[in-house]
Amino acid sequence: MNTVKIERDDRVVTVRLHRPHALNALSSELLAELLDVLRPLDRDPDVGCFVVTGSEKVFAAGADIKEMAGKSAVDMAAEDYFAGWEEFAGFRTPKIAAVNGYALGGGCELAMMCDLIIAGESAVFGQPEIKLGVIPGIGGTQRLTRLVGRAKAMDLILTGRTMSAREAEASGLVSRVVPDDRVLTEGTEAAAIIASYGRPAVTAARESVDRALETGLRDGLLFERRVFHALFATEDQREGMSAFVEKRAPVFKGR
Ligand code: CO8
């Protein structure tokens, strides 16, 4: 592995983007390595949460401009360039982005593929692709608009300006802003909490929340209620409710 580093602490896997000389630009090699390393972990029932992070200076400065620069439209289409990011987005293990520094272009889009974003006070978010003569290509126009609304998305995408962590939090993009040196600790602590809960409920919760971005209220409420009903088929539901009644800590088994 040249471009990603993995650490595992019990049920939490931290994946660190590692291309320091290119500000963690998201090359095809990085995407391939990220998928190779996370694919088996995503199927491992003993893994409860991923934390995706970069360095202290940069989360990721976008897709690799040098790799893309010489490609033609036919090359991009033939390779279905970056379609693999949808596999990352579709991993069923919860994902937390722990962001320090720049999260620009594909870096911001990668953070948005995660379930929550914890950012350092100095983090900077943006979709500056317009300055390169292109547009966001791995979800920026779609996810950002759903997350922060049309007004802010248009502003960021059309002007290419960046926004601070505080503006990103106020806009609804970022879940928590913490001191820069606390980002990874907060991320892994949140991951450990999520990983301690029963996996069926965690999956149901993620899928139901995301349903709110993709469907109307009536369908979303029905989806939520049916999933809620289905959780009563799990041992974890019985354990969680029994433990509450018996005034003890629950022991979830993920089934
Ligand atoms: N790709 C490749 N190399 C990069 C990138 C990048 N995105 N960003 C930085 N680098 C390289 C620089 O070229 C430089 O390399 P070298 O030392 O060899 O010259 C090195 O990293 C350090 O960069 P800087 O000297 O520029 O560092 P600064 O601290 O001065 O500036 C910035 C940091 C502001 C982050 C600046 O590097 C920058 O503006 N980077 C580009 C940001 C950007 O435009 N991102 C969007 C990229 S496009 C994209 O993400 C579209 C995704 C859609 C894909 C669609 C597929 C279908």
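Each residue of the sequence shown is one higher than the last, beginning at 1 in my numbering.
The beta carbon of each residue, even a glycine, is placed where N, CA and C say it ideally should be.
On the CB-based measure, 16 or more other CB atoms within 10 Å of its CB, does arginine 39 come out buried or exposed?
On the sequence shown, position 39 is the one that residue 39 refers to. Note on arginine 39: under 16 other CB atoms within 10 angstroms of its CB, so exposed under the neighbour-count rule.
Let me check one thing: in DSSP terms, what residues is cysteine 108 bridge-paired to?
Translated into the one-based positions of the sequence shown, residue 108 becomes position 108. Paired residues: none, contrary to the question.
If you pair each beta-carbon of the region 66–81 with each one of the region 30–50, do three or more pairs fall below 8 Å?
In short, these stretches do not touch, since the Cβ pair count stays below three.
Could you give the DSSP three-state label for threonine 215: helix, strand or coil?
Your numbering for residue 215 matches position 215 in the sequence shown. It is coil, neither helix nor strand.
Following the continuous beta strand (DSSP E) through methionine 163, name the residue where it begins and the one where it ends.
Looking up residue 163 in the sequence shown gives position 163. Residues 162–164.
Would you list the one or two residues that DSSP bridges to alanine 97?
Counted from its first residue, the sequence shown places residue 97 at position 97. The bridge partners DSSP lists for alanine 97 are Val52, Ile117.
Could you tell me if the beta carbon of valine 99 falls within a distance shorter than 8 Å of some heavy atom in ligand 1?
For the purposes of this step, residue 99 is identified with residue 99 of the sequence shown, where counting begins at 1. Incorrect: valine 99 has no Cβ contact closer than 8 Å to ligand 1.
Which residue's Cα is closest to the Cα of aspartate 210: Ala249, Tyr81, Met1, Arg92?
Numbered from its first residue, the sequence shown carries residue 210 at position 210. For aspartate 210, the closest alpha carbon among the candidates Ala249, Tyr81, Met1, Arg92 is that of Arg92.
I need the DSSP call for isoleucine 194, collapsed to helix, strand or coil.
Working through the sequence shown from its first residue, we reach residue 194 at position 194. In the three-state reduction of the DSSP assignment, isoleucine 194 falls in the helix class, which pools H, G and I.
Could you give the distance in angstroms between the alpha-carbon of leucine 158 and the alpha-carbon of leucine 116?
The sequence position of residue 158 within the sequence shown is 158, counting from 1. The sequence position of residue 116 within the sequence shown is 116, counting from 1. Here the C-alpha atom of leucine 158 lies approximately 25 Å from the C-alpha atom of leucine 116.
Can you tell me whether lysine 247 is buried or exposed? The criterion is at least 16 other CB atoms within 10 Å of its CB, across all chains shown.
Taking the sequence shown and counting its residues from 1, the one referred to as residue 247 is at position 247. By the neighbour-count rule (16 or more Cβ atoms within 10 Å), lysine 247 is not buried but exposed.
Assuming the contact rule is C-beta atoms closer than 8 Å, alanine 195 and glycine 48 should be a hit. Round their C-beta distance to whole Å, please.
To locate residue 195, count along the sequence shown from 1; it is residue 195. To locate residue 48, count along the sequence shown from 1; it is residue 48. Rounded, the Cβ-Cβ distance is 2 Å, consistent with contact.
Boundaries (first-last residue) of the alpha helix (DSSP H) holding glycine 70:
Start at 1 with the first residue of the sequence shown, and residue 70 comes out as number 70. Counting along the chain, no alpha helix (DSSP H) covers glycine 70, and no H or E run does either.
C-beta atoms of valine 124 and alanine 151 nearer than 9 Å
Taking the sequence shown and counting its residues from 1, the one referred to as residue 124 is at position 124. Taking the sequence shown and counting its residues from 1, the one referred to as residue 151 is at position 151. Not in contact: valine 124 and alanine 151 (Cβ atoms no closer than 9 Å).
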